[in-house]
Amino acid sequence: MQKFPFVDEFFDKFGEQICFVTDLTSHIQFRKIQQLGLSDKVKYIVTSEATGHEKPHPFMFLQGLQKLNLPIEQVCMIGDSVEKDILGARNIGLDAFWLNLANKKSEYNDKGIIEIHTFSDLKNYL
Numbered sequence: 212m213q214k215f216p217f218v219d220e221f222f223d224k225f226g227e228q229i230c231f232v233t234d235l236t237s238h239i240q241f242r243k244i245q246q247l248g249l250s251d252k253v254k255y256i257v258t259s260e261a262t263g264h265e266k267p268h269p270f271m272f273l274q275g276l277q278k279l280n281l282p283i284e285q286v287c288m289i290g291d292s293v294e295k296d297i298l299g300a301r302n303i304g305l306d307a308f309w310l311n312l313a314n315k316k317s318e319y320n321d322k323g324i325i326e327i328h329t330f331s332d333l334k335n336y337l
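Read left to right, the sequence shown gives residues 212 to 337 (my numbering).
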């Protein structure tokens, strides 16, 4: 597991405005965050373990919004699963970016989904 280019810059810019929304358990997610050297940068995490729901359930994304305490217009979702991350976020009105690292084809590609292939591509949007 390695950190993508632009991740440190992204956290420096948006730090307090980042919330991880994950179906992983807290233990696994915290271990990954530590291995990536992000422990001191990640402030908010919403897990399916804690909420009793998995993405794309709206509650997961609403909990993230609540932790961030920001208007929905100032928040976006960045995820690698169209079905779980992108469509789930869009269903509650969040803008979303599909981080398609594997260059997968999706039946949703023509549905106005913003597809990026590297984390650095976010510079063009944020």
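Built from N, CA and C at the ideal position, the CB exists for glycine as well.
Just so we're clear, the structure is a prediction, and the values are computed from it rather than from any experiment.
Sub-9 Å separation of residue i and residue j beta-carbons
i      : j      : result
Ala307 : Ile283 : no
Gln228 : Gln285 : yes
Asp296 : Val232 : yes
Neighbourhood of residue i by C-beta, 6 Å cutoff - its chain only, sequence neighbours within 5 removed
i      : result
Ser259 : Asp234 and Glu265
Extent of the continuous beta strand (DSSP E) to which residue i belongs
i      : result
Glu326 : Ile325 to Ile327
Leu310 : Asp306 to Leu310
Phe330 : It is not in any beta strand (DSSP E) - Phe330 carries neither H nor E in the DSSP assignment.
Selection from the options that minimises the alpha carbon distance to residue i
i      : options                           : result
Ala261 : Ile289, His238, Leu247 and Lys243 : His238
Ile303 : Met288, Ile244 and Ala313         : Met288
Leu298 : Leu312, Ala313 and Met271         : Met271
Tyr255 : Leu337, Lys316, Pro269 and Asn280 : Asn280
Val253 : Pro269, Trp309, Leu337 and Lys278 : Lys278
Cβ neighbour criterion (16 or more within 10 Å) applied to residue i
i      : result
Gly290 : buried
Leu276 : buried
Arg242 : exposed
Ala313 : exposed
Own chain residues within Cβ distance below 8 Å of residue i, not counting five before or after
i      : result
Val218 : Leu247, Leu249 and Phe330
Opening and closing residue of the alpha helix (DSSP H) in which residue i lies
i      : result
Phe272 : Pro269 to Leu279
Ile239 : Ser237 to Gln246
Gly290 : No alpha helix (DSSP H) holds Gly290; the beta strand (DSSP E) holding it covers Cys287 to Gly290.
Contacts around residue i, its chain only, beta-carbon distance under 7 Å, and the 5 residues preceding and following it disregarded
i      : result
Gln274 : Val257 and Thr262
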